[in-house]
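K.L.:
Numbering-wise (the numbering used here), the sequence shown opens with residue 746 and increments by one.
Note that beta-carbon positions come from the ideal geometry of N, C-alpha and C, so glycine has one too.
Just dropping this structure here.
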Amino acid sequence: MRKIGYFFIVVLGLTQLAHGQNMHVSHYSAANGLPSNEVRHVALDSLGFAWIATDAGLVRFDGIQFESYTQYVPSQYGKYLLATAEGLLLSHDAGISLIQPELDTTKISLSQNASIDPDDPLLYYPNRLFKRSNGAILVGQPGGEVHRISQGGLKQVLPRSGEEAKRGLELFFAELNEQLWIAYSDGSLYVYNETSGLLEQKAAYPVINDMKSSGNALWIASDKIYRNQLTSDGKEIRTEESFQSPPGKVSALALDTMENIFLGIQDQGLYYLDRTSGNRPEFIKVYGNNDPHTLNELPFKNIHNIVFDAEDKLWICSSEGLGILQKRFFESIGSIPNANTTAISIAENGNIFVNFGDVYRVEKTDYGYKGEQLATASLG
């Protein structure tokens, strides 16, 4: 059954300060609590704390202050965080640690060792982590090596490339229709054959800087932004859309629950890909808008990762620190043309009292909120 809730807002017809995505921003750096400005990744635990991997150690954030847990991790160079049923996994140069938060304490243990010897059967500088639909955890490593962590322990899935030119390759993972897709930073896109244990190349791009999936769509950040769709037989993908990036090189890509696309543009900052303009998509720069009457340039220029939480807040991991961005509530409702609210009236009997302006009814649905303008007589 559809969940519905009503309330009414009176909106003053003021002109928007700027066209685009303007958000409330909180910025944290070494100047106000972080051990390093280089923030690699972030994840939230089951208690609501944020755990942040930096180049100078692991920290926990409670929304007010940071607490260092670097002493419990054998390497200060954190790479990637992944939420699992057992807790958070953190990859770092010395292996993978398991973070198990509890109400009064936090247990951190080294679950997988790593070696600096590339010929050792252990992990080798693990970085990106990915959880498959069957529960297995994949660990990406330099040179295209992949290990799987499951109840059976650690097992190599793909070996490291012996080619000198491929030693620094970064991997990206996605799953479409229970098929594992693996992208290499050199531009190669593969599907993993579960039966043979081999990769089957499906496409090639000039480079791949990030990859994300949504339903049966595979989004790739390369020389352009590509939206690829899985074919009906599930065996191939085809490019449905591509978007040239006038601002520059895309370093990070993320989609929220409504498939809005946010991009990190190298040396430029955070952008939003607006696809609502028909055949003319726009790359719109995101600004800070803590004061509704002022726009501020965001400090993030080199973005490593963009993470959405369950409330669709954006967590920006960058060389300039950590950012937390969120829309104001009324700005998140696309069917309301202006977010400058002057009065709110909630009446159980449905009566609405209006001082001036346009009146909107906001309806909660299973997919978020929608607004509907109500006809009101002029008050003169």
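What are the start and end residues of the beta strand (DSSP E) that includes A962?
P.N.:
Locating residue 962 in the sequence shown gives position 217, where the first residue counts as 1. Per DSSP, A962 belongs to the beta strand (DSSP E) from 962-966.
K.L.:
Pick helix, strand or coil for T815, following the three-state DSSP scheme.
P.N.:
Taking the first residue of the sequence shown as position 1, residue 815 is located at position 70. Helix, per DSSP.
K.L.:
If you count every other CB in all the chains shown that lies within 10 Å of the CB of L1119, and 16 or more means buried, which is it?
P.N.:
Within the sequence shown, numbered from 1, the residue matching residue 1119 stands at position 374. By the 10 Å Cβ count, L1119 comes out exposed.
K.L.:
Taking the CB atoms as reference points, tell me whether L921 and Y935 lie closer together than 7 Å.
P.N.:
Taking the sequence shown and counting its residues from 1, one reaches residue 921 at position 176. Taking the sequence shown and counting its residues from 1, one reaches residue 935 at position 190. Cβ distance not < 7 Å, so L921 and Y935 don't count as in contact.
K.L.:
Rounded to the nearest angstrom, how far is the Cβ of G1009 from that of L1015, given a contact under 8 Å?
P.N.:
Mapped onto the sequence shown, residue 1009 falls at position 264. Mapped onto the sequence shown, residue 1015 falls at position 270. Indeed they touch by this definition, with Cβ atoms about 6 Å apart.
K.L.:
For K852, which residues does DSSP report across the bridge?
P.N.:
Against the sequence shown, residue 852 aligns to sequence position 107. Partner(s): Q845.
K.L.:
Out of G907, E909, K911, S930, which one is the CA nearest neighbour of F918?
P.N.:
Here residue 918 is taken as the residue at index 173 of the sequence shown, counted from 1. Among G907, E909, K911, S930, the Cα nearest to that of F918 is on S930.
K.L.:
Going along the chain, which residues of its own chain have a beta-carbon closer than 8 Å to the beta-carbon of D790, five neighbours each way excluded?
P.N.:
Translated into the one-based positions of the sequence shown, residue 790 becomes position 45. W796, A828, G832, L833, I844, P846.
K.L.:
If you run the structure through DSSP and keep just helix, strand and coil, what is G932?
P.N.:
Counting from 1 along the sequence shown, the entry for residue 932 is found at position 187. G932: coil per DSSP, three-state reduction.
K.L.:
Work out the CA separation of L1000 and F1028 for me, nearest whole Å.
P.N.:
The residue given as residue 1028 occupies position 283 in the sequence shown. The residue given as residue 1000 occupies position 255 in the sequence shown. Rounded to whole angstroms, F1028 to L1000 spans 15 Å at the Cα level.
K.L.:
Counting beta carbon pairs with one atom in the stretch 1032-1039 and one in the stretch 981-989, are three or more of them shorter than 8 Å?
P.N.:
no
K.L.:
Rounded to the nearest angstrom, what separates Q1071 and Q901 at their Cα positions?
P.N.:
Along the sequence shown, read from residue 1 onward, the residue named residue 1071 stands at position 326. Along the sequence shown, read from residue 1 onward, the residue named residue 901 stands at position 156. Their Cα atoms are separated by approximately 40 Å.
K.L.:
Express the C-alpha separation of G1066 and D1057 in angstroms, rounding to a whole number.
P.N.:
Here the question's residue 1057 lines up with position 312 in the sequence shown. Here the question's residue 1066 lines up with position 321 in the sequence shown. Taking the straight line from one Cα to the other gives about 20 Å.
K.L.:
Is it true that the CB of P871 sits closer than 7 Å to the CB of V1129?
P.N.:
Since the first residue of the chain shown is 746 and the last is 1125, residue 1129 is not available in this structure.
K.L.:
If you measure between the beta carbons of E812 and T799, is that distance less than 7 Å?
P.N.:
Taking the sequence shown and counting its residues from 1, one reaches residue 812 at position 67. Taking the sequence shown and counting its residues from 1, one reaches residue 799 at position 54. No.
K.L.:
So, for L848: in the same chain, excluding its five sequence neighbours on each side, which residues have a beta-carbon less than 8 Å away from its beta-carbon?
P.N.:
In the sequence shown, counting from the first residue as 1, residue 848 sits at position 103. When the five nearest sequence neighbours on each side are left out, the beta carbons in the same chain lying within less than 8 Å of the beta carbon of L848 are those of L792, in order along the chain.
K.L.:
How about R912 and G888: do their beta carbons lie closer than 7 Å?
P.N.:
Here residue 912 refers to the residue found at position 167 of the sequence shown. Here residue 888 refers to the residue found at position 143 of the sequence shown. Contact flag set, yes.
K.L.:
Return helix, strand or coil for E1027, following the three-state DSSP convention.
P.N.:
Position 282 of the sequence shown holds residue 1027. It is a strand residue.
K.L.:
Anyone know if the C-beta pair for I894 and A928 falls short of 7 Å?
P.N.:
As a first step, residue 894 must be located in the sequence shown, where it is residue number 149. As a first step, residue 928 must be located in the sequence shown, where it is residue number 183. No, Cβ-Cβ distance for I894 and A928 is not below 7 Å.
K.L.:
Taking the DSSP output, what are the residues bridged to G885?
P.N.:
On the sequence shown, residue 885 is found 140 positions in, with the first residue counted as 1. Looking at the DSSP assignment, G885 forms a beta bridge with V891.
K.L.:
So, using beta-carbon positions, are K824 and R785 closer together than 7 Å?
P.N.:
As a working note, residue 824 is residue 79 in the sequence shown. As a working note, residue 785 is residue 40 in the sequence shown. Cβ distance < 7 Å, so K824 and R785 count as in contact.
K.L.:
Within 10 Å of its beta-carbon, does H1038 have 16 or more other beta-carbons around it, so buried, or fewer, so exposed?
P.N.:
The residue given as residue 1038 occupies position 293 in the sequence shown. When all chains shown are included, H1038 counts as exposed.
K.L.:
Using beta carbons (cut-off 7 Å, strictly below), is I1010 in contact with chain D?
P.N.:
Here chain D cannot be found, since the structure has a single protein chain.
K.L.:
Helix, strand or coil for K911 per DSSP?
P.N.:
In the sequence shown, the residue the question calls residue 911 occupies position 166. Helix, per DSSP.
K.L.:
Note down the Cα distance separating I841 from V1104, rounded to an integer number of angstroms.
P.N.:
Here residue 841 refers to the residue found at position 96 of the sequence shown. Here residue 1104 refers to the residue found at position 359 of the sequence shown. So the two alpha carbons sit approximately 54 Å from each other.
K.L.:
Identify, in the order they occur along the chain, each residue of the same chain with its Cβ nearer than 8 Å to the Cβ of L874, setting aside the five sequence neighbours on each side.
P.N.:
Position 129 of the sequence shown holds residue 874. Answer for L874: Y825, L826, L827, L834, S836, I841, I882, L883, V884, G885, listed in chain order.
K.L.:
I'd like to know whether the C-beta atoms of Q1126 and G808 end up nearer to each other than 7 Å.
P.N.:
What is shown of the chain runs 746 to 1125, which leaves residue 1126 out entirely.
K.L.:
Alpha carbon to alpha carbon, what distance is there between S941 and F1053?
P.N.:
Counted from its first residue, the sequence shown places residue 1053 at position 308. Counted from its first residue, the sequence shown places residue 941 at position 196. One C-alpha to the other measures close to 35 Å.
K.L.:
On a Cα-Cα basis, can you pick out the residue from N1047, L868, E890 that is closest to G907?
P.N.:
Counted from its first residue, the sequence shown places residue 907 at position 162. When each option's Cα is compared against that of G907, the closest is E890.
K.L.:
Take E923 and list the residues in its own chain whose beta-carbon comes closer than 7 Å to its own, dropping the five residues that flank it on each side.
P.N.:
Sequence index remark: in the sequence shown, residue 923 carries index 178 (1-based). So the qualifying residues of the chain are S878.
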